[in-house]
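Before any comments, here is the structure.
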Amino acid sequence: MRTSTVRRVGLSVAVAAALTSVAACGGSDDKSEGKAGSAVTKADPVAALLAVQKKTGGANSAKVEGTTAMGSAMSMKQAGALDWSDGVSGSMKITYTGGAMADTMKKAGGDGTMEARYFKDGYAANMGSAMAAQTGGKSWISYSYADLAELGGAAGAAMQDQMSNATPEQGLKSLLASGDVKKAGQEDVRGVPTTHYSGTVDVAELTAKNSELDADQVTELKKQLSDAGISTEKIDIWVDKNDLLVKKTERGQMKTGELNSTVYYSDYGTKVSVERPPASETIGFKELLKQQQGASGSAS
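Read in order, the letters of the sequence shown correspond to residues 372 to 671 in this note's numbering.
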């Protein structure tokens, strides 16, 4: 049962990664944007990104697809649609293509593919028949952002903040807040002419700066990131002639290997509709942990 508990905890991180890869590791508040813009208002990359941030943020929704790899822990591909007009909502099909996460899911009887639904206050993951067989027919696990923050300490609190603000414009905000952004050229992305911008962000500093963490939580977060071997990320974005984000990549190093994410955006303004899974088919993440911990204690 202990292995099963670890699997569910790992799943929460994996499903979160599918959404946060749509954004970047850390956003920025209005104050940060103002500083970045006012300090170098005449710099073409900054002025351009401010325009892209405004246009992309105001588009409210888009279709999304991409791939994410987190060292030896997992690799996955995701596709779906998200709306960020009032929080983040939408659904994604996630397929684990390699790493420990894919192996674990297959050993549990799954095929490596699942559906994730995102809501303003949390998200739900459909683990399929293998999960239902263990929980009396409940194939969905629901995760409250508040619960994840409580269970994960500073890292959980930071993830709650990132998840609730995981919009395409967050990558733009991160570049602006980093103070390190440059124009990298003109390129075609899937047949669309785009302008390429690039920069590097300090993950710990940016996340701590723009999350509502107290001093102790900031110290804890920096230690957790350091223990994981995470320091900086290189972010590249491509924007079209309409000032809309078309593609974003993130590159960084972790102790388990390279963090590598590529996301494509299209069909801005698309209609997004998502329903919560039936209560009779859903179990809460905290409830599941309690059940498994209880079963583990009984077995011992």
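Ideal Cβ positions, reconstructed from N, Cα and C, are used throughout, including at glycine. Here the structure is a predicted model, which is why all the values come from computation and not from measurement.
Over what stretch of residues does the beta strand (DSSP E) that includes residue i continue unbroken?
i, result
"L630", "628–637"
"G493", "493–497"
"K618", "616–625"
"A452", "445–454"
"E604", "603–610"
"V645", "No beta strand (DSSP E) holds V645; DSSP gives it neither H nor E."
"P564", "563–573"
"D559", "552–560"
"V435", "432–441"
"S462", "460–469"
"T538", "Per DSSP, T538 belongs to no beta strand (DSSP E) and is neither H nor E."
"S515", "511–515"
"G655", "653–655"
Could you tell me which of the options sits nearest to residue i, measuring between CA atoms?
i, options, result
"L453", "A487, M445, K464, K434", "K434"
"T538", "L660, T565, A504, F490", "F490"
"G562", "G458, K612, G507", "K612"
"L659", "G550, T506, Q557, E558", "T506"
"A418", "M463, D457, Y467, K544", "K544"
"W609", "A650, T641, E558", "E558"
"V459", "V560, V645, A650", "V645"
"E436", "D457, M463, T641, T475", "M463"
"V560", "G508, K618, G550", "K618"
With a 10 Å radius around its C-beta and 16 neighbouring C-beta atoms as the bar for buried, classify residue i as buried or exposed.
i, result
"R488", "buried"
"S403", "The predicted position of S403 is uncertain, since its pLDDT is 36 and thus under 50; a value taken from the coordinates is nonetheless stated next. So S403 counts as buried."
"S632", "buried"
"A440", "buried"
"G470", "buried"
"A504", "exposed"
"D415", "exposed"
"A548", "buried"
"S409", "Reliability of the predicted coordinates at S409 is poor, the pLDDT of 32 falling under 50, and no value is obtained from them."
"Q663", "buried"
"Y467", "buried"
Report all residues from its chain with a CB closer than 7 Å to the CB of residue i; omit the five preceding and five following residues, and keep chain order.
i, result
"M485", "I465, A496, N497, M498, G499"
"E540", "Q424, T427, G428"
"D518", "F656, K657"
"K477", "G483"
"A650", "none"
For residue i, I'd like the list of residues in its chain whose CB is within less than 6 Å of its CB, leaving aside the five on either flank, ordered along the chain.
i, result
"D607", "S569, T620"
"W511", "A495, N497, P648, E652, T653"
"V643", "S432, A452, D454, G461"
"G655", "S513"
"T438", "K448, T633"
"M502", "S510"
"A450", "E436, K464"
"V411", "For V411, the predicted structure reports a pLDDT of 30, less than 50, and the residue's modelled location is therefore unreliable. The matter cannot be settled from this model."
Under 8 Å Cβ to Cβ from residue i, same chain only, skipping five residues before and after it: list those, please.
i, result
"L615", "V423, K426, T427, A430, Y636, Y639"
"A555", "H567, Y568, S569, D607"
"K661", "none"
"V552", "P416, V417, L420, L546, Y568, S569, G570"
"S456", "N431, S432"
"G442", "G470, M625, K626, T627, G628, E629, L630"
"K413", "Its pLDDT being 33, under 50, K413 is placed unreliably in this model, and the coordinates cannot settle the point."
"T641", "S432, A433, K434, A452"
Terminal residues of the continuous alpha helix (DSSP H) containing residue i?
i, result
"T677", "The chain is shown only over 372 to 671; residue 677 falls outside these bounds and no answer can be derived."
"P416", "415–429"
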